[in-house]
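Residue numbers (the working numbering): 4 to 737.
Every residue, glycine too, gets a C-beta built ideally from N, C-alpha and C.
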């Protein structure tokens, strides 16, 4: 574990409500985040009366006050008596009263909360925006999903922090480093840096004008009266000890991997209500790939190739506890949640339905962190989970004593009934290269545009589009159409116009709807029956048979699309019963089929599966991609070799680098590849030399692209090298 430093001195910070790092009063606070309340009485006497009054409110009310005063100082806009009045109001009236007393004078109307969750079903997420001058503004949002971090610490003890784009960060006395050292004071509560995650495209889609990097601070101490005497899991712990509650991340090999693994606690999940102390969690070996002579197949760097990367097994009784239709921690089909049914009651309702075939999980147990998929296996004894070494991302540190681990089985997504499936720009380009005529896609586009135009007048088309984009409005338009409300009703027309524009936008980006195609979660064949290029595909009607085209996003290599044979496996039901919706791959090859598709695995990857006759008729597959050994820059010290303070410094430096120096190598490589593909597709047979030259450049871009995608989780510093290689390719192409 990280070495402890000998220094016990702590800088003084202030629980001031000026929303600024310019703190004026002092209270004892440790940079290691110790929740020491010994100086509570002294500190409370030093703060202003308004702050003391705020500390008497429960956190929801206090935070709403902070939201509605904007960047003003509390003592400048409110008297302590006014603040104390909020303490006795019914929760349903709190927002209106605080808005009337403070918000109306301090912030614009558009910043007023539309929904303020005050019931137990609503999840409130608390946000802090750090401005360039070091001042803060706060916001609260109501959502329907939680993370493991929120469940263990409590929603109000987790603060999502966003730093302004022009905030100073690149020197030790900057705003960012000052906040790192002193924490963020929310009233009389102090929050300190804990973990961050780059949300990527998904986060950018939700917040187009902000950074995709999400940073989380957690409460380490409080001097508020409302918190006095309440038990808190982080009391008496520094930040390193707090992280060890979730996992022993310091056992990994690099700082980059430390944060990549710790960010598993930020996945949106539900907790399966089961006592893991009574579950047999065992480790089974990964199935290794074999050459024709029976020897173990290996990568160029000597690492064995495996068929079962990221997938294990779970007994049926545990799988039955999981709700079906789960996607990123939320149920999409409103099926009943059976998480609290007694597993010992074998006559209960658990047996009236089938379990999900696959569950994408995060398993935290005794300091270890595991991720991947669990395939239901009816042959396992009750209360059994079998994981593989490829699923274990963080190992246990047996030197850690006295810290109770937050053991939990978290479910991210289940194998669900596939919705209408779309193509993508990359997939269309690869299909065209493989021989599919362009007219096939033009016909799809023409038909889709006609359908999009008809949704304002055609009831069936309107219903289908409303279903497709139902998550945008919580299926309100779908319900209105189902109830017989005319399409010319003003609100319905307005919403349908919005959906029509969304449909056109998707078509413009290459998302063409394709029939007889599905997105399915993948796993390894549990029966061992499937041969070289055979797969088992389970849909509504059971196992399907025949030729299928299989691809994994975001593949851009010519060989990332495979033509495989789906077969019926008679023994499969003895393993999975009637569970549905997955594609199972063979374990009798020299290389995993998933690995041949853009370096995929089975930790939750989704595969595009098509039996569309036009695609199967014309497409001719190419040789699959083979990973090249990338040059690695020598690693720094391992996290376990750093002191606690050094580790905290390195982790925050990594956050600042990720936040303010975004990595664009993957995006540039992908866009360049698409440009070269456009050129390649228009070259005639008389341009053989140029075709060869273009393909060579594209293959180099493929390697750069895949290296850039893997670099964050591998702890690699390939970003700069990727960009240099990319520029060299462009220079030679001119």
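Identity of the residues DSSP links to residue i by a beta bridge
i           : result
residue 188 : 193
residue 201 : 216
residue 128 : 144
residue 539 : 587
residue 565 : 553
residue 461 : Residue 461 is not bridged to any residue.
residue 283 : 387
residue 162 : 129 and 220
residue 413 : 274 and 365
residue 172 : Answer is none; residue 172 lacks a bridge partner.
residue 380 : 318
residue 611 : 522 and 554
Secondary structure of residue i, DSSP reduced to three states
i           : result
residue 254 : helix
residue 492 : coil
residue 183 : helix
residue 504 : helix
residue 334 : strand
residue 522 : strand
residue 76  : coil
residue 315 : strand
residue 363 : strand
residue 485 : helix
residue 471 : helix
residue 616 : helix
residue 228 : helix
residue 436 : helix
residue 371 : strand
residue 600 : coil
residue 453 : helix
residue 578 : helix
residue 91  : helix
residue 668 : helix
residue 396 : strand
Exposure label - residue i; buried when at least 16 CB within 10 Å
i           : result
residue 508 : exposed
residue 147 : exposed
residue 94  : exposed
residue 687 : exposed
residue 156 : buried
residue 277 : buried
residue 502 : buried
residue 747 : Given that the chain is displayed from residue 4 to residue 737, the structure contains no residue 747 and the question cannot be resolved.
residue 23  : Low confidence applies to residue 23: its pLDDT is 38, below 50, so where it sits in the model is not reliable, and the reading given next is rough at best. Label assigned to residue 23: buried.
residue 482 : exposed
residue 313 : buried
residue 296 : exposed
residue 128 : buried
residue 151 : buried
residue 320 : buried
residue 231 : exposed
residue 469 : buried
residue 309 : buried
residue 623 : exposed
Anticipated Cβ contact below 8 Å, residue i with residue j, distance rounded
i           : j           : result
residue 1   : residue 387 : Limits of the chain in this structure are 4 at one end and 737 at the other, which puts residue 1 out of reach.
residue 271 : residue 331 : 5 Å
residue 586 : residue 545 : Contact flag wrong, Cβ pair sits at about 14 Å.
residue 318 : residue 384 : 6 Å
residue 559 : residue 705 : 6 Å
residue 101 : residue 56  : Incorrect: roughly 13 Å between the Cβ atoms, too far for contact.
residue 510 : residue 452 : 7 Å
residue 2   : residue 614 : Coverage of the chain is limited to positions 4 through 737, which leaves residue 2 absent and any answer about it impossible.
CB contact below 8 Å: residue i versus chain C
i           : result
residue 126 : Within the model displayed, chain C is absent; a lone protein chain is all it includes.
| task | For the segment 320-327 and the segment 414-424, state whether three or more C-beta atom pairs, one from each stretch, are separated by less than 8 Å. | result | yes
| query | Okay, do the segment 517-524 and the segment 609-617 touch, 3+ Cβ pairs below 8 Å being the bar? | reply | yes
| Cβ contact check for the segment 552-566 and the segment 583-600: 3 or more pairs under 8 Å | Contact holds: three or more Cβ-Cβ distances are below 8 Å.
| said: Check whether the segment 621-631 and the segment 237-255 are in contact - that is, three or more C-beta pairs closer than 8 Å. | reply: no
| query | Does the count of Cβ pairs from the segment 672-691 and the segment 646-657 closer than 8 Å reach three? | reply | no
| query | Quick check: the segment 487-505 against the segment 453-465, are there 3 or more CB pairs under 8 Å? | reply | yes
| Between the segment 661-671 and the segment 214-231, are three or more C-beta pairs nearer than 8 Å? | yes
| At least 3 beta-carbon pairs within less than 8 Å: the segment 539-554 vs the segment 568-577 | Touching, yes, given that three or more Cβ pairs across the two stretches are closer than 8 Å.
| Taking three-plus beta-carbon pairs below 8 Å as touching, is the segment 292-308 in contact with the segment 360-375? | no
| request: Examine the Cβ distances between the segment 66-80 and the segment 96-116 and report whether three or more of them are shorter than 8 Å. | output: yes
| request: Say whether the segment 189-197 touches the segment 57-66, bearing in mind that this needs 3 or more beta-carbon pairs closer than 8 Å, one atom from each stretch. | output: yes
| task | Specify whether the segment 533-540 and the segment 387-405 touch according to this definition: at least 3 beta carbon pairs, one from each stretch, less than 8 Å apart. | result | no
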